[in-house]
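All remarks here apply to the structure that follows.
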Amino acid sequence: MGDPNQSSQRMLVVSVEKEGPGANGITLSDGSFFVLGEEDCRELGVRPGGEIVLGHVAERAAAFERARCHEVAARLLGRREHSSWELRRKLGSRGFSEEAIDHEVERLVQAGYLDDERFARAFLAERMRRRAEATSTLVTRLLARGVPRAMAEQTVAEAVDCEARAQLLARAFQEVMRGVDRREIAEDKRARDKIARRL
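Just so we're aligned, residue 2 is where the sequence shown starts under this note's numbering, counting upward by one.
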């Protein structure tokens, strides 16, 4: 709303139509269209043929959109981790304005619910659990999900390093256990301590 006079400008309501659960689409005489919650419509007295203050409608519509955007983002994040880019893309595909998306992403990042690094680690853990892939492939997959290159490369290096250490430890354990009577270990704490020191 660039025009300061717009906030008090009165407009004629041309139509009010159901837009989904708890939402109404409002068309005004200047051709502008807003989506308001049913409660907002009642409070503002929105009805076809009635007059409404444009600024009031715009404020309520923006607040209603931010609330709907938050609900959708919460559902998406409840299913799995997302990168900021993925979440922006999905919210945009559902018709939310750039302003509502920016507001929601900032809110989720500040609250700790949206974290690109945490997403990258979770994504890699799942990929590496399912199949072996080259590090360049893993980096490319993270880049395709909007993770910044430096973060993608570092996260992949850490994940591969951690995986390699786990494999080395498993091999060392197998070698240490060769020729050891497993019953002896279960019964003798000193035998267990000796094996632990060798690892």
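Here a beta-carbon is modelled for each residue, glycine too, at the ideal position from N, C-alpha and C.
Asp117 versus Leu29 - alpha carbon distance = 41 Å
message = Which residues does DSSP list as the beta-bridge partners of Glu18?
response = Gly26
inquiry  = If I measure Cβ to Cβ from Ala126 and keep anything under 8 Å in the same chain, skipping five residues before and after, which residues do I get?
reply    = Ala160
ask   = Is it right to say Thr156 is buried, meaning 16 or more other beta carbons lie within 10 angstroms of its own, or is it exposed?
value = buried
message = Can you tell me where the alpha helix (DSSP H) holding Glu118 begins and where it ends?
response = 117-131
query = Apart from the five residues on each side of it in sequence, which residues of its chain come closer than 8 Å, Cβ to Cβ, to Phe34?
reply = Gly26, Ile27, Thr28
query = When the Cα of Thr136 is compared with those of Glu100, Leu92, Asp162, Gln10, which residue comes out closest?
reply = Asp162
message = Please state whether the Cβ-Cβ distance between Val140 and Ala153 is less than 7 Å.
response = yes
Assigned secondary structure, Gly79 (DSSP; H/G/I helix, E/B strand, else coil) = helix
request  = Give the single residue among Glu82, Phe97, Asp31, Leu143 whose Cα lies nearest to the Cα of Ala63.
outcome  = Phe97
message = Going by C-alpha to C-alpha distance, which of Gly51, Ile102, Ser85 sits closest to Phe120?
response = Ser85
message = Let's test the definition: count the other Cβ atoms within 10 Å of the Cβ of Leu92 and tell me whether it reaches 16, buried, or not, exposed.
response = buried
message = Buried or exposed for Ser9, going by 16 or more other Cβ atoms inside 10 Å?
response = exposed
task = Can you say whether Gly113 is buried or exposed, counting buried as having 16 or more other CB atoms within 10 angstroms of its CB?
result = exposed
request  = Could you have a look at Gly38 and say whether DSSP puts it in helix, strand or coil?
outcome  = strand
query = To which residues of the same chain is Gly74 closer than 7 Å at the C-beta, ignoring the five residues directly before and after it?
reply = Here the sequence assigns Ala to residue 74, which means Gly is not the residue at that position. The residues are Leu88, Leu92, Glu105, Leu109.
query = Looking at C-alpha atoms only, which residue of Glu107, Ala24, Gly79, Glu82 is the closest neighbour of Glu66?
reply = Ala24
message = I need the straight-line Cα distance from Ala145 to Arg128, nearest angstrom please.
response = 14 Å
Best match in Gly147, Glu82, Ala123 for proximity to Leu115 [C-alpha to C-alpha] = Glu82
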